[in-house]
Each structure stands twice: as structure tokens, then as C-alpha cells.
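Novice: So that we are looking at the same thing, I have put the structure below in C-alpha cells.
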Amino acid sequence: MSKLTRRDFLKGSAAAGAALTGNALPGAARLLAQDNPTVDYWHGFIAEFVHAGFEVVLENFHQANPDITINPLTVPNSEFMTKFTTSVVGNAAPDTTMAAPQRIPDMVAIGGLQDISGRVGESDLMDKIPADRWDGATIDGAIYGVPSFMFVDWMYYRADWFEEAGLDPPTTWEAFTEAAIAMTDADNGRYGFGMRGGNGGQGFVVKVIESFGSPIIDDMGQPAMDFDKAVEALRWYTDLHTVHGAVPPSVANDSFRQLMEAFQTGQTAMLWHHTGSLAEMRTVLGDEGAFSTAVRPHGPERQIASATPSYNGISMPGDGEEDASWEWISYWADINTQVDFLELTGYFPSSALVAEDERVQSNPLYAAAVATVDEVGPPTRFPGGPGWERNVVLPNFQRVLLGEITAEDAIELMMEGLEEAVSG
Amino acid sequence: MAVAPADRRSGLSLLRSHWPAWLDLFGWVGRISETRYWAWLMLLPGFLLISVVIFYPVISGIWLSLHEYNLLRPARGQPFVGLQQFIDLLDDEKFWLSLRNTAYFGVFNVVNPFLLGLVIALALKRAVRGAGLVRTLILMPWFMPSVVAGHMWALLLDSRLGVINDILVKLGLLESYWPWFARTETAMPAILLVGLWRGFPFFALLLLAGLQSISQEMYEAAAVDGANALSRFRHITVPLLLPVIVVAITLRTIAVVNSPDLMIILTGGGPGLATHVLSFYAFQTAYATFDFGYAAALSVVMLGILIFFTLIYLRVAGVDRD
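Structure follows, in C-alpha cells:
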């Protein structure tokens, strides 16, 4: 056996060091990642009660999957696409992310979501979740997200005010106008309807237009707005403010927070939102009958509503983290997970099995959601859609509210903008 | 034991013959340090840093503005389109409206804080009791992140719960609460009010530093010669403060024109397009429609406007004469 010289020892040490730092370490890291993967997850659970529900889901997941660590990051909804786009362009997107259906076409187009059709097909998720609830995350037959919970559109109304006036919650657009006018007492700062004219109001305008029989795009993804029907829709909607004065004068800047405050402080009688705000409403107004929920009114052609599943998708998982990422996003479709989340947050389940649960069926506040969820589908979505709605629909809607342009002018501008958004 | 010089030399030669070749670099550095290239070598790290931090983004932005680049249409790639996107800007009504709003916003969001900052700096220059504390307190709006300040002012001016509306109604100046951010005629002035609150400490701080560098003896000599307060301000304070004023206004203008944060928080560019400024338009074009090429063209136009403004301003202020 040859003797180990000092030089040999130093050479060996150097080689070992180089191997560890240069070559062996990534391999070791990969091995470590496979054994104890960490999955980044971007979500928008900001409200305290929603975050509490999320913590429970995290804890339950960790107990079921002790080897997988979830690294959550809260991204406010308003900033989501800015941050997500930047992360995708910079090749630093999270492993997994929450994804709204309206954004999924854009997220897919920029290369930020993976096709998970194969994994979905191999799982039993299709048995748990109705086929139409995958539509919002399906593009050209490929699935990009697992439905976790749903935002089902409905209407809050002041039950005590309606009872006092001897009115039932309106079910049609004409009855809605009458109720909004009847509930308005501007001299005392009370208005019939809390209309969203600030950021986020664009989605309501699109749904109103569709409820009057004008599609936005056709099956081929081409612009298909019907000018006359769209004008009629926009005129009806904006007349609630410009003609009837049944909407607070701050309408053009009223967004979610302002509208919730107005309703909760007794300044508006009706408010359109979705199941996601139920827990907050109950916290502030209690369950004593001050408010209730109702199905949103129907326009001439269809209900002014959609049922919007929230999805979880796989974005850019690191080496060895693909399986863990799938475990995490598919866990959200688990029945127990959805029940836990529903009870803590009021977020409506996407699973058909949970929707038939006694706790959902027996709660009268959920009746409007149960009645709506099978009637309506996800909101209209197409690549460039959110940008068109935000940059074209919203400002022109506001200009009509302010009396700067007519409904005809606004629809013309919206149709021009739509052509541009679709054709690029 | 002492080592003889001859032994030291031989020791060094022995060491040289064994050290690795890369250590000769130090010898090269030693040689160049005695030449005129040494200064350039010393500038190299700074130049590299500036290249990475400033030149690369600017050149990259200009390059992008000459290419079509829409993230939603990756199949198109990034074809070179020359000046087409700048030509498109000429027919873009929203661009011209944003440009007009930017001029309005830029001028008043610089002039108003400047005037208030000047008044406060002049007041703070007097050595009164508690001036140090006041100076610190006055800086607080500047320390506050614009996001926090924006949300705070959104609440103060809220049309339902806003304290300012409440005060104005109680004073009889308003009949009822006014939706400041929801009306075309008051949305921009309301944002300018927030900008005034945020911006005046910056001017007060810089101008106060400038004022304190002016010798008191000059004022005393002018007073002896019969100059009144206005004359002293006009003929001593303003000329000697001018370099500080120029720097402060230039920096503030650049910051104001480039920052859409108040619009994003308070109005979202609305109502309608009432507060739609160029920086907001570029931001929305990039992150709502993903048209990074067109957004880059908008940004390059902003860059050009700011360079033009700065040059004109420096010339008018007479800084280049010195």
C-alpha cells in the first residue's frame, strides 16, 4: 500500500471540495428536494378570516404530507398579474399559484402555467368536480388548473328595508330598477344600489351586456358584440345613476371596499358581489336578519351572474418538485379540505359532492348560490380580455356615468377596443 | 537570528520561481499604476456598475420600443418595427390625453410643493425654540411610503367616511360629502393635494440646507444698505439658492412624471380618463395588455420629454453659465 503524502492529501481535499461545491451539491440538492420538497404557492388570501381558513388547510396538508413543505406568499389581487408577469419573464415564477379563470388565458399565453391534463386524467378529480367547472381552466382541450372553491355571484340586500317597504328582492332587471328607485332616499344619504363604477366594475358591465343578449366573443374567439343590445344594456345600467339617481354619487370611484362599507353602514340597499364576501358580511351585520342574499336579477336574455371557480395551477416547479406541486394543488379538491374552507370562510365548494352537503343545503344564506351555480357558467374569458375590460370597458363606462359620452359612443369604443384586443 | 540582505533576495527569487503565474497580475497592476491608464482602471468598476444599472435598462428600453413585443402573442416573436410604434402614438388619443394630464400633474405637483417647501424652509431657518423637532416632524410625509400615504388620503377624502368631508360640511363649506376622486373636476386636484403633502418636505429639507449655507453677514450688509426683506430675498436668497432649487425641481419632476403610484391607488386613472397620465398608461399597457413594445415606446417618449425638460430648465435657470 503506498503511503499518502501531504501533497496527495491536499489534492484530494481540493478535489473533494470542488466536487461538493461545483458538481455534487446540485445533485445533493436535487436529492434533498425530492425527499423534502418545498413548494412555493402564490395566493390572494388577505382578509383575516380567509387567511385563517388557509392556515387550517396548510396545517391539514402538512399532516397528510409531512415531507412536503408549502411556502406560501400572499399577493394582493390587484398586483397579481404585475408580479406574476414579471416573475415569468424573469424565469422566477412560483411552483404553484392560485389563478382566476379570467386571467388563465393570459397566464397560459405568457407561458406561466403548465398543462396538467395528464395528471388530472390519471386522478379521480373528474369524478368529484363537475365537468363544466373545469371549463374556466381549459384552453384548446388542455387543463391548466384544478378548481378549489367557487365565487358564485349573488346579491346582498337589506332584508329589513325590503320588509319595511313590503317588497320582495327583485328577480328581473325591470323589477331591479323599480326596487332601486323605491329604496333611494338621497336626502338622507340612502341609495337603492351600490354600483361598482371603480376598479373591478368592468366585469359587471360585461355581465350586464351579456345578460341583454350581446355576446362578447363567439366560439371562434372573434369579437361578436351586438351593438344595439349592448347599447340597451349599458344605457339601462348607467341610467340607474344618471337618470334615476339610485346610485351613490361616488359611483365612478366605488370599488369593493367602498361598496362594502356603504352597504354595511346602511347607505345602500342592494349590492352585487359573490359568495367570497359572506363571512365578512356576517361578521359586520350578524345573522339577525339585517341582510340576506338573493339570486341576482335576470336581464332580458340571461342572469347577470357567473359562477367563477378559483383554480390552482402549476407554474414553474423546481427539479423534483413537480409531484409535490401536484399533491398540493389536487389537495384543494379534497372534500374535507373544501368543507373546512367553506366553514371558515364561506367560500363555496367546487366539488359537487360538497355542494350537496347538509350544511350547505340547510343554510338559507347559501340558497341563492345553490340556485345560481347550476344555471350560470364561468365569466367570459379570452387572451387579452382582462386588459380590454380594464383599459377600455371601465374608463368608457365611467365616462357614461359622468355624462361625458353617450352609451352609443362607449359601446363603439368598446367594440373598437375589442377588435384590437383580439387581433392584437 | 538576523537574515542578511543577500539571503533575503535569494529567498524572494526562490519564492517567485514557485508562485503561480496568476500572481504576476499584481506585478502588472503595479506597473500600470505608474501610468496615465491607472485613472481609467480605477473608473472601470464604477463604469461597469453604471452600465448595468443605467445604460443597460435604458438601451434595452429603446431597443424594445423599436420591436413589437406582446407577451400574449409569443408566436409572433419580437419583430423589428422601427419607429412604427412611435408613429402609432401620434394617432393615439389616449396618448395625447395622457400627455396633457402629465403636463398638468407634473407642473402642479412640482410647483405647489416647491412653494410650500420654500415657505416652510424660510420659517424653519429662524432659530426658534423647538425648530429641530418641527424639522423632524415635517419630514414624516416624505418618509411615509407612497402606498401607505395613498391609502391614508383615500380614507381622509372618502366620500362616506372621510374626515375632510366632515370638517368641510361642519364649517359650512360643503352642503354634503363630496366624492373627490369620483368627479372629473376634482379628481386631479385631490391627487395634487396628496402630492403636495407628500412632496413639500423634500423641498423644505433641501431648501433649508441651502438657506443655511448663505452667510448671515450678506443679509446684514444688505440691511445696512437699506434693502428691505423683499429685496434681500430677491437679490440674495434666490440667486444663492438657485443651484439647490434647480437640483430639487429637476429631481422632483423626474420622480413625479415617472411615478403612477398615486393614480393606481387613488383613482386607477379615472374617473374616465381624468387622471390618466403617461406613466400610468405605460404601466397599464405593459401589465394589463402585456404589450411591452408599445409600453416601451411610451416610456421612451417620457424619457425624451424629461431630458428635454431638464436641458431647457438648466438653460433657463442659467446653471450652464457657471
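Residue numbers (my numbering), protein chains in the order written: chain Z, 42 to 465; chain Y, 158 to 479. Here a beta-carbon is modelled for each residue, glycine too, at the ideal position from N, C-alpha and C. Treat the numbers as computed from the prediction; the structure is a model and nothing was measured.
(1) Are Y/PHE183 and Y/ALA454 close, meaning C-beta to C-beta below 8 Å?
(2) Could you tell me whether the Cβ of Y/ALA452 comes closer than 8 Å to any Cβ of chain Z?
(3) For Y/ILE216, list the residues DSSP reports as bridge partners.
(4) Taking C-beta to C-beta, are Z/PRO350 and Z/PRO188 nearer than 8 Å?
(5) Quick one: does the C-beta of Z/THR334 sit closer than 7 Å to a heavy atom of the ligand GTP?
(6) Give me the chain Z residues within the contact set of Y/GLN241, using Cβ-Cβ distance strictly less than 9 Å, ordered along the chain.
(7) Grouping DSSP H, G and I as helix and E and B as strand, with all else coil, what is Z/PHE86?
(8) Given a cut-off of 8 Å on the beta-carbon distance, is the pair Y/LEU246 and Y/VAL458 in contact?
(9) Counting C-beta neighbours from all protein chains within 10 Å, is the total for Z/VAL417 16 or more, i.e. buried, or is it exposed?
(10) Within 10 angstroms of its Cβ, does Z/PRO78 collect 16 or more other Cβ (buried), or is it exposed?
(11) Can you list the residues of chain Z that Y/PHE338 reaches, using a CB-CB cut of under 7 Å?
(12) Give every residue of the same chain whose Cβ lies closer than 6 Å to the Cβ of Y/ALA484, excluding the five residues on either side of it in the sequence, and list them in chain order.
(13) Would you list, in chain order, the members of the stretch 438-452 of chain Y that have their beta-carbon closer than 7 Å to a beta-carbon of chain Z?
(14) Apart from the five residues just before and just after Y/PHE262, which ones in its own chain have a Cβ nearer than 6 Å to its Cβ?
(15) So if I threshold CB-CB distances at 9 Å, which residues from the stretch 412-425 of chain Y count as touching chain Z?
(16) Does the CB of Y/VAL473 have a neighbour CB from chain Z at under 8 Å?
(17) So with CB distances below 9 Å, who are the chain Z contacts of Y/ARG317?
(18) At which residues does the alpha helix (DSSP H) containing Z/TRP313 begin and terminate?
(19) With 16 other CB atoms within 10 Å as the buried threshold, where does Y/LEU256 fall?
(20) Just the C-alpha distance for Z/SER43 and Y/ALA178, rounded to the nearest angstrom, thanks.
(21) Would you mind reading off the limits of the alpha helix (DSSP H) that contains Y/PHE243?
(22) Beta carbons nearer than 8 Å to chain Z: which residues of the stretch 275-291 of chain Y have them?
(23) In chain order, what are the residue ranges of uninterrupted alpha helix (DSSP H) at least 4 long that sit wholly in the stretch 323-387 of chain Z?
(24) Can you list, in chain order, the stretches of the alpha helix (DSSP H) that have 4 or more residues and sit fully within the stretch 194-240 of chain Z?
(25) Please report the straight-line C-alpha distance between Z/PHE389 and Z/LEU326, rounded to a whole angstrom.
(26) In whole angstroms, what separates the C-alpha of Z/GLY426 from that of Z/GLN143?
(27) Out of curiosity, what's the CA-to-CA distance linking Z/VAL284 and Z/VAL411?
(28) Run through DSSP, which three-state label would Y/HIS392 get?
(29) Hey, how far is the Cα of Y/ALA439 from the Cα of Z/ASP364?
(30) In this structure, what does DSSP give as the bridge partners for Z/MET191?
(31) Let me know the secondary structure DSSP gives Z/SER464 once reduced to three states.
(32) For Z/LYS169, collect the residues of the same chain with a Cβ closer than 8 Å to its Cβ; drop the 5 residues on either side in sequence, then sort them by chain order.
(33) Spatial neighbours of Y/VAL404 within its chain, please: C-beta separation below 8 Å, excluding the five flanking residues on both sides.
(34) Name the one or two DSSP bridge partners that Z/THR137 has.
(35) For the putative contact between Z/ALA372 and Z/PHE102, defined by C-beta atoms under 8 Å, what is the C-beta separation to the nearest angstrom?
(36) Between Y/LEU331, Y/LEU430 and Y/VAL210, which lies nearest to Y/GLU250 when the distance is taken from Cα to Cα?
Specialist: With the structure as the only source:
(1) Within the second sequence, the letter at position 26 stands for residue 183 of chain Y. Within the second sequence, the letter at position 297 stands for residue 454 of chain Y. Taking 8 Å as the Cβ cut-off, Y/PHE183 and Y/ALA454 do not qualify as a contacting pair.
(2) Within the second sequence, the letter at position 295 stands for residue 452 of chain Y. Closer than 8 Å: no.
(3) On the second sequence, position 59 is the one that residue 216 of chain Y refers to. Bridge partners of Y/ILE216: none, in fact.
(4) Counting from one through the first sequence, the residue named residue 350 of chain Z turns up at place 309. Counting from one through the first sequence, the residue named residue 188 of chain Z turns up at place 147. The Cβ-Cβ distance between Z/PRO350 and Z/PRO188 falls below 8 Å.
(5) Within the structure as shown, the ligand GTP is missing, as the structure has no ligands at all.
(6) As a working note, residue 241 of chain Y is residue 84 in the second sequence. Going along chain Z, no residue has its Cβ under 9 Å from Y/GLN241, so there is no contact; the nearest lies around 14 Å.
(7) Translated into the one-based positions of the first sequence, residue 86 of chain Z becomes position 45. Residue state, collapsed to three classes: coil.
(8) As a working note, residue 246 of chain Y is residue 89 in the second sequence. As a working note, residue 458 of chain Y is residue 301 in the second sequence. A contact, by the Cβ cut-off of 8 Å.
(9) Start at 1 with the first residue of the first sequence, and residue 417 of chain Z comes out as number 376. Flag for Z/VAL417 reads buried.
(10) As a position in the first sequence, residue 78 of chain Z is number 37, starting the count at 1. By the neighbour-count rule (16 or more Cβ atoms within 10 Å), Z/PRO78 is buried.
(11) On the second sequence, residue 338 of chain Y is found 181 positions in, with the first residue counted as 1. Within 7 Å Cβ-Cβ: ASN294.
(12) Coverage of chain Y is limited to positions 158 through 479, which leaves residue 484 of chain Y absent and any answer about it impossible.
(13) GLN441, TYR444, ALA445, THR446 and PHE447
(14) For the purposes of this step, residue 262 of chain Y is identified with residue 105 of the second sequence, where counting begins at 1. For Y/PHE262, where only same-chain residues beyond five positions count, the Cβ hits under 6 Å are VAL434.
(15) For the stretch 412-425 of chain Y, the set of positions with a beta-carbon nearer than 9 Å to some beta-carbon of chain Z reads ILE421, LEU423, THR424 and GLY425 in chain order.
(16) As a first step, residue 473 of chain Y must be located in the second sequence, where it is residue number 316. Judged by the 8 Å Cβ criterion, Y/VAL473 is not in contact with chain Z.
(17) Translated into positions along the second sequence, residue 317 of chain Y becomes position 160. At a C-beta separation below 9 Å, Y/ARG317 has these neighbours in chain Z: GLY230, PRO289, SER291, GLN299, GLU302, ALA303, THR306 and GLN308.
(18) Residue 313 of chain Z sits at position 272 when you count from the first residue of the first sequence. Here Z/TRP313 belongs to no alpha helix (DSSP H); instead the beta strand (DSSP E) covers 309-315.
(19) Position 99 of the second sequence, counting from 1, holds the residue named residue 256 of chain Y. Buried.
(20) In the first sequence, the residue the question calls residue 43 of chain Z occupies position 2. In the second sequence, the residue the question calls residue 178 of chain Y occupies position 21. Residue confidence for Z/SER43 is low, a pLDDT of 43 falling below 50, so the modelled location carries little weight and cannot support an answer.
(21) One-based indexing of the second sequence puts residue 243 of chain Y at position 86. First-last of the alpha helix (DSSP H) with Y/PHE243: 241-247.
(22) none
(23) Taking only runs of at least 4 residues, the alpha helix (DSSP H) segments lying wholly in the stretch 323-387 of chain Z are 363-372 and 376-386.
(24) 200-206 and 214-224
(25) Counted from its first residue, the first sequence places residue 389 of chain Z at position 348. Counted from its first residue, the first sequence places residue 326 of chain Z at position 285. About 20 Å.
(26) Position 385 of the first sequence holds residue 426 of chain Z. Position 102 of the first sequence holds residue 143 of chain Z. Roughly 7 Å between the two C-alpha positions.
(27) As a first step, residue 284 of chain Z must be located in the first sequence, where it is residue number 243. As a first step, residue 411 of chain Z must be located in the first sequence, where it is residue number 370. The alpha-carbon atoms of Z/VAL284 and Z/VAL411 are separated by roughly 34 Å.
(28) Translated into the one-based positions of the second sequence, residue 392 of chain Y becomes position 235. Helix.
(29) Counted from its first residue, the second sequence places residue 439 of chain Y at position 282. Counted from its first residue, the first sequence places residue 364 of chain Z at position 323. Each residue's CA atom was taken as its position, placing Y/ALA439 and Z/ASP364 some 39 Å apart.
(30) Sequence index remark: in the first sequence, residue 191 of chain Z carries index 150 (1-based). Z/MET191 is bridged to Z/PRO350 and Z/PHE389.
(31) On the first sequence, residue 464 of chain Z is found 423 positions in, with the first residue counted as 1. Note: Z/SER464 maps to helix in three-state DSSP.
(32) The sequence position of residue 169 of chain Z within the first sequence is 128, counting from 1. Correct list, in chain order: ALA374, ILE376, SER392, ALA393 and LEU394.
(33) For the purposes of this step, residue 404 of chain Y is identified with residue 247 of the second sequence, where counting begins at 1. So the qualifying residues of the chain are LEU363.
(34) The residue labelled residue 137 of chain Z in the question sits at position 96 within the first sequence. Paired residues: Z/TYR82 and Z/ILE355.
(35) For this step, residue 372 of chain Z is matched to residue 331 along the first sequence. For this step, residue 102 of chain Z is matched to residue 61 along the first sequence. In the sequence as displayed, the identity of residue 372 of chain Z is Tyr instead of Ala. So it is a contact: roughly 5 Å between Cβ atoms.
(36) Within the second sequence, numbered from 1, the residue matching residue 250 of chain Y stands at position 93. Closest by alpha carbon: Y/LEU430.
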